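Numbering follows our numbering, in which position 50 of the sequence shown is assigned residue number 152; successive positions increment by one, without gaps.
Note that CB positions come from ideal geometry on N, CA and C, so glycine has one too.
If you're wondering where the values come from, they're calculated on a predicted model, not measured in any experiment.
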Amino acid sequence: MATCPRCKGHLTDGHRCPRRPLFVFAEVLGCALLGALLSFALLAAFDPHNQASDLDVVAISVGAIVAVGINRVLRT
Ligand SMILES: [Zn+2]
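Next up, the structure:
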């Protein structure tokens, strides 16, 4: 059976190369950072004089988790 030049797996019909764990990790991390940045920007836009740092942490965490979640859903 032919082997895939990229992943060395069996080249069957509809073959898809398995995504490398490091790449997946980098993508998830990038998504989380993007989500965190976005929610931080939104928070700053809606509340420029925000003094509650606890809210910042929560908003950034939620933004990161939501971004990763959306990324996971879109990938499947
Ligand atoms: Zn392959």
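Between residue i and residue j, what straight-line distance do the alpha-carbon atoms span, to the nearest angstrom?
i	j	result
V219	I167	Residue coverage of the chain in this structure runs from 103 to 178, which leaves residue 219 outside it and unanswerable.
F148	V126	33 Å
R174	G116	21 Å
R118	L144	38 Å
T114	R122	19 Å
I162	A146	11 Å
K110	M103	11 Å
Give the single residue among the options whose Cα lies nearest to the Cα of residue i.
i	options	result
G171	H151, A143, A138 and A147	A138
R177	F142, S141 and C133	C133
With DSSP as the reference, please indicate the residues paired to residue i in a beta bridge.
i	result
T105	H112
Within 10 Å of its beta-carbon, does residue i have 16 or more other beta-carbons around it, so buried, or fewer, so exposed?
i	result
A128	exposed
L165	The identity of residue 165 in the sequence shown is Gly, whereas the question assumes Leu. Its Cβ being crowded by 16 or more others within 10 Å, G165 is buried.
A169	buried
Can residue i be considered in contact with ligand 1, in the sense that its beta carbon sits closer than 7 Å to one or more heavy atoms?
i	result
G111	yes
R122	no
C106	yes
C119	yes
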